[in-house]
Amino acid sequence: MSGRAPSSFFGMGGPRMEAAGLECVVRAEEMAVMGITEVIRHLPRIYRGFRRLRQSIRGRRPAVAVLIDFPDLHFKLAEELHRLGVPVVFFVSPQLWAWKKHRIKLVQRYVDRMLVIFPFEEPFYRERGVHAEFVGHPLAELPPPSIRRAGFARENNLDPAATWIALLPGSRAKEIRANLPEMLLAARALATRAPQTRFEFIVPLAATLNSFDREQVRASVAPHGAAIPVRLVTDARAALLHARAAVVASGTATVEAALLGNPFVVVYRVSPLTYAIAKRVVTVPHVAMANLIAGKRVVPELIQEDFTAANIVQQLEPLLPDGPRRQSMMEELARIQSLLITQQSVQRETESGAIGRVAEVTLDLLKARSPADFEPAVQS
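In numbering that gives the first Met the number 0, the protein residues as written are 0 to 379.
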């Protein structure tokens, strides 16, 4: 009897990929560092991880490689894979359209298929001769959280009659240290300005945080306990869904916030050196992904020196009551959601979404490389 050979997967990933069958050569959380000065500090660890991945590729010669995000690392690996004759699928485009456009040469040379999750990325690459395809955003395919407001309140010691404001300072300890204190000051200022309103402030704790980081967050929140009710929760999507509005650090959480549809304000702060360099090289008109997708300023952006408690309150207050400003933002967020789903997903009930499309493209490359492995089994 003949048939397809068994598949195995190895590389870089987190707990969920490992649970799905990935043999982790390097853990993704060890390599997740943002910012120029931040990367410099962690270079020895990053380089050790790169060497382990490169050695595993050379030793095991995969049939195909799927590289997800992490451009600084993955462009180096793509070069190695190309040299070995391994087809390369790149999923989740590096933000070359924002900065480092010269790196398009690396994509042209070493990447066989570029699968992107934002609609404006496909024409950017195709105009430069890259075989690119917009596959939709995986987060746009998720159903909203099933937990109702009353259930969420019971689980997290919240008052269902209060006005909830979600504060999302980021998923990494460094981001939280940079963003949460100013968010909490804004929360106090908002509560002081509107004493007739009962506010409760919800801070989701990212699953990526270890026990020490979680205790640090609790310590940051504790001094405010007498002045404002702050609740730490574990479900960020449910918090965004049920909150009246949110303050969200720039990153993937802003896409989640846009897809869930409630108004929010985007904030972010990096080291002064990182920001000074970024101002010189970043060429896009917006920081928030929601605004880039919409092609205009839909949600307020408070970046670096503009990220103050007073500015947060100024931008957040008009979004809380029902009225034209709140309604307009919610309508724009609904339009953004429609832009993040491919037409194929809308038209074909059997469409398996962005991840399914990545799997299809990967299988196509495998079939082209080793067609015999995909012949139907023959009984003998």
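Idealized CB from N, CA, C, for every residue including glycine.
In this structure the region 247-263 touches the region 135-147; the number of beta carbon pairs closer than 8 Å is three or more. Taken atom to atom, the span from the alpha-carbon of glycine 10 to that of alanine 64 is near 9 Å.
Counting every other CB atom within 10 Å of its CB across the protein chains shown gives isoleucine 311 a total of 16 or more, marking it as buried. Comparing C-alpha distances from glutamate 79 to each of Leu66, Ala293 and Phe90 shows the shortest one belongs to Leu66. The continuous beta strand (DSSP E) containing valine 229 extends over residues 229-232. In its chain, beyond the 5 residues on either side, Ser92 have a beta carbon closer than 6 Å to the beta carbon of glutamate 120.
DSSP, read as helix, strand or coil, puts threonine 191 in helix. For the options Thr341, Pro284 and Ser145, the alpha carbon positioned closest to that of lysine 295 is the one of Pro284. Bridge pairing for arginine 26: Gly12 [DSSP]. Beta-bridge annotation (DSSP): tryptophan 163 is paired with Glu199.
Comparing alpha carbon positions, the residue from Leu362, Val25 and Asp305 closest to asparagine 178 is Asp305. Rounded to the nearest whole angstrom, the CA to CA distance from proline 194 to arginine 171 is 33 Å. Cβ neighbours of lysine 75 within its own chain (closer than 7 Å, five residues either side excluded): Phe49. Remark: fewer than three beta-carbon pairs, one from each stretch, lie closer than 8 Å, so the region 146-160 and the region 351-361 are not flagged as touching.
Take the alpha-carbon of arginine 47 and the one of leucine 364: they are about 30 Å apart. Secondary structure note for arginine 296: it is in no alpha helix (DSSP H), with a DSSP letter that is neither H nor E. Proximity to alanine 238 across Ala226, Ser351 and Ala205 peaks at Ala205, based on C-alpha coordinates. With fewer than 16 other Cβ atoms inside 10 Å of its own Cβ, alanine 225 counts as exposed.
Distances from the CA of threonine 196 to each of Ala131, Pro228 and Glu300 were compared; the closest alpha carbon is that of Pro228. In this chain, the beta strand (DSSP E) harbouring alanine 245 covers 244-248. Pairwise C-beta distances place the region 310-327 in contact with the region 230-245, as three or more of them are shorter than 8 Å. Every alpha helix (DSSP H) stretch that sits fully inside the region 81-119 and reaches 4 residues is listed by chain position as 103-109. Between valine 232 and asparagine 155, the CB-CB gap stays under 8 Å. For alanine 309, the enclosing alpha helix (DSSP H) covers residues 308-315. For alanine 221, there is no enclosing alpha helix (DSSP H), as DSSP marks it with neither H nor E.
Its chain contains Ile56, Arg57 and Arg60 as the residues whose beta carbon lies nearer than 8 Å to that of leucine 83, once the 5 sequence neighbours on both sides are disregarded; these appear in chain order.
Rounded to the nearest whole angstrom, the CA to CA distance from valine 286 to serine 337 is 20 Å. Apart from the 5 residues on each side of it in sequence, glutamate 174 sits with its Cβ closer than 7 Å to the Cβ of Pro168 and Ala248 in its chain, given in chain order.
Relative to phenylalanine 151, the option among His101, Arg230 and Gly352 whose CA is nearest is Arg230. If you check the CB distance, isoleucine 292 and isoleucine 340 do not come in under 8 Å. With a threshold of 16 other beta carbon atoms within 10 Å, proline 320 falls short and is exposed. Aspartate 212 and methionine 329 have their C-alpha atoms spaced approximately 34 Å apart.
As a beta-bridge residue in DSSP terms, leucine 21 pairs with Phe8. As computed with DSSP, tyrosine 46 is found in no beta bridge at all. A direct Cα-to-Cα measurement between alanine 353 and valine 134 gives close to 5 Å.
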